[in-house]
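Visitor: Residues in the sequence shown are numbered consecutively from 660, following this note's numbering. By construction, the Cβ of each residue, glycine as well, lies at the ideal position given by its N, Cα and C atoms. Just passing along the structure, written as structure tokens.
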Amino acid sequence: MTLYKAILSYMDPGLNPYRPGAGLQPPELTGRDAQIKEFDFLVIRAKHRTVDRPMVMSGLRGVGKTALLNKLAGMAEQAHWITVVTEGQTTNQGVANVRRRLGAEINAALLRSSMGSRMKAGMRKLGALVSAFSLTLGPTELSFAPKPAATGLLDVDVETLVLEIASSAREDERAFAIFIDEMQDIEPELLSAFIVAQHRAQQKELPFYVIGTGLPNLPTKLSSARSYAERLFSYSVIGPLDRQASLEALVLPAERFGATYTLEAAEFLVEASNGYPYFLQEYGKAIWDLASDRTFTLADAKNAIVVGQAQLDAGFFPARWDRASEKERAYMVAMTKNKRTASVAASLAKTMAELSSVRQSLINKGLIYVPQRGEVAFTVPGMADFIDRATAQ
Ligand SMILES: Nc1ncnc2c1ncn2[C@@H]1O[C@H](COP(=O)(O)OP(=O)(O)O)[C@@H](O)[C@H]1O
Ligand SMILES: [Mg+2]
């Protein structure tokens, strides 16, 4: 039936506007006005030399954190800020990568932003500082003698560099921002260094901003790195889209290419997605490809759920599930029926102590988090249902 319809389809798959996938910019970024306004306000005030608290946004996987972070980074670039975008990584190799790339990225950001601006004059000094700083960061370059500008202590050097760049930017009515995705995976030493630098910048009223996104445990991570991190950032939770924003996320991209939804078709997809952007993109993509007419009907929507769900079961969910060991999977299976760690342990006939390393490794892999003391939850929406489906066969 699906194949038959696809052959008769009038909808050109090449024009399909929907973009399911990690970090892909959506055709229409809806429902994030609060964060976009807050950042817009921060940018305007920075121009007038008022320094506001930077933003930290947390939420489940597939909820649209990366898309939002990239949108904010784009706004900063439009305002001619010096911007660096980076991402935390869990593996040891990833940790080294983040460090190694940071110096190079800061350098590139400085070059980009100094083009045709007054900052050119200060560039040589900053350039020297960045290369000295790269020595602190890069384990491979440590065989060279450190230049005098760098102490080799990560937190001191990050602070020196950041404040120097921020004060040059300030003279130019600009600002310096580091956008960090998957911030919960930034190694503790670098994370503390960023927090300390952010703290100093605020004390000195210098326009430096760490803008971060990450899993729901990110705020806790930040405050355990430095307790004052609680007051340093403006925190918000990125949740599923409300009904209106969900409808717009589906309908607006289609309309741009001359297609529409009947109200019940759009509502059916919105309902099935629970407002999760990843699911909306997947269902939108499916309905576009299988509909036989430019008006998408309820019947199309029902088929789209089947196709979209199969896509999710082949991509979004196994991307996490496949990274788990046997023991970790058993733990997650138990989690589908229990949210308290004590009852997970009871259902596996183990003590909580016996399970603590499995639980910790699931947290480190970003598969689960601790919503509150004594409880565990999946970082992936719909994971429990997926596990039921995957383990039913
Ligand atoms: N506000 C939004 N409106 C519509 N689609 C969105 C929105 N935010 C993200 N998306 C889409 O949802 C999917 C997941 O987004 P992503 O930013 O990767 O999520 P996260 O980083 O939270 O895991 C992508 O396909 C993206 O295009
Ligand atoms: Mg992401």
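Please classify residue 673: does DSSP put it in a helix, a strand, or coil?
Guide: For the purposes of this step, residue 673 is taken as residue 14 along the sequence shown, with counting starting at 1. It is helical.
Visitor: Going by alpha carbons, who is nearest to residue 716 out of 897, 932 and 902?
Guide: As a first step, residue 716 must be located in the sequence shown, where it is residue number 57. For residue 716, the nearest C-alpha among the options comes from 897.
Visitor: Please specify which runs of the alpha helix (DSSP H), each continuous and at least 4 residues long, are wholly inside the stretch 935 to 1006, giving them in chain order.
Guide: Within the stretch 935 to 1006, the complete alpha helix (DSSP H) runs of at least 4 residues are 936 to 949, 957 to 973, 977 to 980, 985 to 994 and 1000 to 1006.
Visitor: Under the rule that 16 or more other beta-carbon atoms within 10 Å means buried, what is residue 968, buried or exposed?
Guide: Counting from one through the sequence shown, the residue named residue 968 turns up at place 309. It counts as buried.
Visitor: If we count the other Cβ atoms within 10 Å of its Cβ and call it buried at 16 or more, is residue 714 buried or exposed?
Guide: Residue numbering aside, residue 714 sits at position 55 when the sequence shown is read from its first letter. When all chains shown are included, residue 714 counts as buried.
Visitor: Considering only residues of the same chain and omitting the five flanking positions on each side of residue 818, which have a CB-CB separation below 8 Å?
Guide: Translated into the one-based positions of the sequence shown, residue 818 becomes position 159. The answer, listed in chain order, is 852, 855, 856 and 859.
Visitor: For ligand 1, any of its heavy atoms closer than 8 Å to the Cβ of residue 967?
Guide: Working through the sequence shown from its first residue, we reach residue 967 at position 308. Every heavy atom of ligand 1 is 8 Å or more from the Cβ of residue 967, so no.
Visitor: Measure the beta-carbon distance from residue 822 to residue 848 and round it to whole angstroms, keeping in mind my assumption that it falls under 8 Å.
Guide: As a working mapping, residue 822 is identified with position 163 in the sequence shown. As a working mapping, residue 848 is identified with position 189 in the sequence shown. Contact doesn't hold; Cβ gap of about 19 Å is too wide.
Visitor: Less than 9 Å separating the beta-carbons of residue 933 and residue 811?
Guide: Locating residue 933 in the sequence shown gives position 274, where the first residue counts as 1. Locating residue 811 in the sequence shown gives position 152, where the first residue counts as 1. Their beta carbons are not under 9 Å apart, which means residue 933 does not touch residue 811 by this criterion.
Visitor: Which residue wins for smallest C-alpha separation from residue 893, given the options 700, 689 and 676?
Guide: By one-based count along the sequence shown, residue 893 stands at place 234. It is 700.
Visitor: For the beta strand (DSSP E) containing residue 872, list its first residue and its last residue.
Guide: Within the sequence shown, residue 872 is the residue found at index 213, counting from 1. From DSSP, the beta strand (DSSP E) with residue 872 extends over 867 to 873.
Visitor: Can you give me the C-alpha to C-alpha distance between residue 799 and residue 885, rounded to a whole angstrom?
Guide: Numbered from 1 along the sequence shown, position 140 holds the residue referred to as residue 799. Numbered from 1 along the sequence shown, position 226 holds the residue referred to as residue 885. In this prediction, residue 799 scores a pLDDT of 40, lower than 50, which makes its location untrustworthy; the coordinate-derived value is nonetheless stated afterwards. For residue 799 and residue 885, the distance between alpha carbons rounds to 29 Å.
Visitor: For ligand 2, any of its heavy atoms closer than 8 Å to the Cβ of residue 724?
Guide: Taking the sequence shown and counting its residues from 1, the one referred to as residue 724 is at position 65. Flag set: Cβ of residue 724 near ligand 2.
Visitor: Just the Cα atoms here: how many angstroms apart are residue 825 and residue 758?
Guide: Within the sequence shown, residue 825 is the residue found at index 166, counting from 1. Within the sequence shown, residue 758 is the residue found at index 99, counting from 1. Each residue's alpha carbon lies about 20 Å from the other.
Visitor: May I ask you to report which of helix, strand or coil DSSP gives residue 1034?
Guide: By 1-based counting over the sequence shown, the position of residue 1034 is 375. Three-state result, residue 1034: strand.
Visitor: I'd like to confirm something about residue 917: is its beta-carbon nearer than 8 Å to some heavy atom of ligand 1, or not?
Guide: Working through the sequence shown from its first residue, we reach residue 917 at position 258. No; taking the cut-off as 8 Å, the Cβ of residue 917 has no heavy atom of ligand 1 nearer than that.
Visitor: Kindly list the residues whose CB is nearer than 7 Å to the CB of residue 792, restricted to its own chain and excluding five residues on each side of it in sequence; keep chain order.
Guide: Position 133 of the sequence shown, counted from the start, is the residue given in the question as residue 792. Excluding sequence neighbours, residue 792 sits near 762, 809, 816 and 820.
Visitor: Which whole-angstrom value is the C-beta distance of residue 695 and residue 724, which I expect to be below 8 Å?
Guide: Indexing the sequence shown from 1 puts residue 695 at position 36. Indexing the sequence shown from 1 puts residue 724 at position 65. In fact, because the Cβ distance is near 14 Å, the residues do not count as touching under 8 Å.
Visitor: What is the DSSP secondary structure of residue 832, reduced to helix, strand or coil?
Guide: As a position in the sequence shown, residue 832 is number 173, starting the count at 1. The answer is coil: DSSP assigns residue 832 none of H, G, I, E or B.
Visitor: Out of 1012, 1032 and 972, point me to the one whose CA is closest to residue 999's CA.
Guide: Here the question's residue 999 lines up with position 340 in the sequence shown. Ranking the options by Cα distance to residue 999, first place goes to 1032.
Visitor: Grab the span of the alpha helix (DSSP H) containing residue 725 for me, first residue to last.
Guide: Mapped onto the sequence shown, residue 725 falls at position 66. It spans 724 to 737 - the alpha helix (DSSP H) in which residue 725 sits, taken as one unbroken run.
Visitor: Helix or strand or just coil, what does DSSP make of residue 916?
Guide: Counting from 1 along the sequence shown, the entry for residue 916 is found at position 257. Three-state result, residue 916: coil.
Visitor: The alpha helix (DSSP H) that contains residue 703, what's its start and end?
Guide: The residue labelled residue 703 in the question sits at position 44 within the sequence shown. Counting along the chain, the alpha helix (DSSP H) containing residue 703 begins and ends at 692 to 706.
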